[in-house]
Amino acid sequence: MSPRPPAAERLDRGQILSGAMAIADRDGVDALSLRKLAADLKVTPMALYWHFKDKDALLDALVEAVLAEVDTPTGGDLRATATALLRGLRAHPGLAAITAIRFMRTDSGIALSERTIGLLRAAGHSPVAAAQLSTFLLNGIVGLAMNRPGDLAEPDPVIRERLITAKRGRLKSLDPAAFPNLTETADHFLALDDEEGYYARGLDYVLAGTRR
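For the sequence shown, full-length UniProt numbering assigns the number 1 to the initial residue and increments by one for each residue that follows.
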């Protein structure tokens with residue numbers, strides 16, 4: 001562990017995670033570094049290394065914090081569990097991309113996995129099917145939280161708007177006689193007009209594969 005920082009720079013773990021979460025939510029997880037976080041919190045990096053040995057440990061802790069917020073109803077079914085997880089990831093879309101790979105590295109992820117696999121086993125799936133379906137379900141929910149219509153993995157808002165405008169121009173230039181379906185639905189690829197409907201349909205899709 002790094003030397004204990006001076007008293008003026010001592011932060012508790014919650015303060016650090018809140019600051020890191022704010023950066024990830026605002027700028028995306030790629031923009032998060034211990035140096036940037038220290039600057040935002042107006043401390044030296046040493047003050048952070050006392051709590052987290054490196055960025056990887058900080059990211060694990062952030063995923064744990066997100067999953068700890070997931071409120072699954074007691075006695076709920078698989079859809080209720082999936083809905084609760086999706087709600088948690090929607091609140092922190094900047095961290096959704098790293099959730100799947102770190103899921104089983106957190107206590108909350110372990111608990112959610114146990115619950116999900118139990119529900120799948122109770123529905124009659126074999127152990128191997130339950131394990132695989134739980135993975136498909138997690139990846140599908142992460143995808144819903146990350147890949148909304150009109151969203152692009154580009155942090156610069158000017159470049160992002162330019163890319164969306166180019167995509168809109170391309171779709172709008174299509175000949176309606178040759179591409180009647182694409183031209184009719186073009187706007188729905190570029191903006192999320194019905195947010196709750198989007199998530200409900202997405203959950204219908206990923207949950208359909210878990211039915212026997």
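Cβ atoms here follow ideal geometry from the backbone N, Cα and C, with glycine treated the same way.
Treat the numbers as computed from the prediction; the structure is a model and nothing was measured.
Member of the options whose CA lies at the smallest distance from the CA of residue i
i, options, result
"residue 29", "14, 138, 84, 146", "146"
"residue 108", "19, 136, 63", "63"
"residue 209", "87, 134, 98, 171", "134"
"residue 212", "87, 67, 122, 90", "122"
"residue 93", "183, 201, 143", "143"
Beta-carbon spacing of residue i, residue j below 8 Å
i, j, result
"residue 119", "residue 78", "yes"
"residue 60", "residue 13", "no"
"residue 198", "residue 86", "no"
"residue 91", "residue 149", "no"
"residue 203", "residue 189", "no"
"residue 89", "residue 99", "yes"
"residue 185", "residue 115", "no"
Classification of residue i by the beta-carbon crowding that lies within 10 angstroms, buried from 16 upward
i, result
"residue 159", "exposed"
"residue 16", "buried"
"residue 141", "buried"
"residue 43", "buried"
"residue 75", "exposed"
"residue 47", "buried"
"residue 128", "exposed"
"residue 67", "buried"
"residue 102", "buried"
"residue 7", "Residue placement at residue 7 is flagged as unreliable, the pLDDT there being 48, under the threshold of 50; a coordinate-derived value is accordingly withheld."
"residue 52", "buried"
"residue 182", "exposed"
Rounded straight-line distance, which links the Cα of residue j to that of residue i
i, j, result
"residue 31", "residue 132", "32 Å"
"residue 111", "residue 34", "29 Å"
"residue 124", "residue 117", "11 Å"
"residue 38", "residue 58", "13 Å"
"residue 83", "residue 138", "11 Å"
"residue 24", "residue 177", "44 Å"
"residue 162", "residue 168", "10 Å"
"residue 19", "residue 26", "11 Å"
"residue 36", "residue 65", "20 Å"
"residue 166", "residue 173", "11 Å"
"residue 180", "residue 187", "13 Å"
Start and end residues, alpha helix (DSSP H) containing residue i
i, result
"residue 40", "34-41"
"residue 177", "Neither: residue 177 is in no alpha helix (DSSP H) and is coded neither H nor E."
"residue 99", "93-102"
"residue 147", "Premise fails: residue 147 is in no alpha helix (DSSP H) and is neither H nor E."
"residue 24", "13-27"
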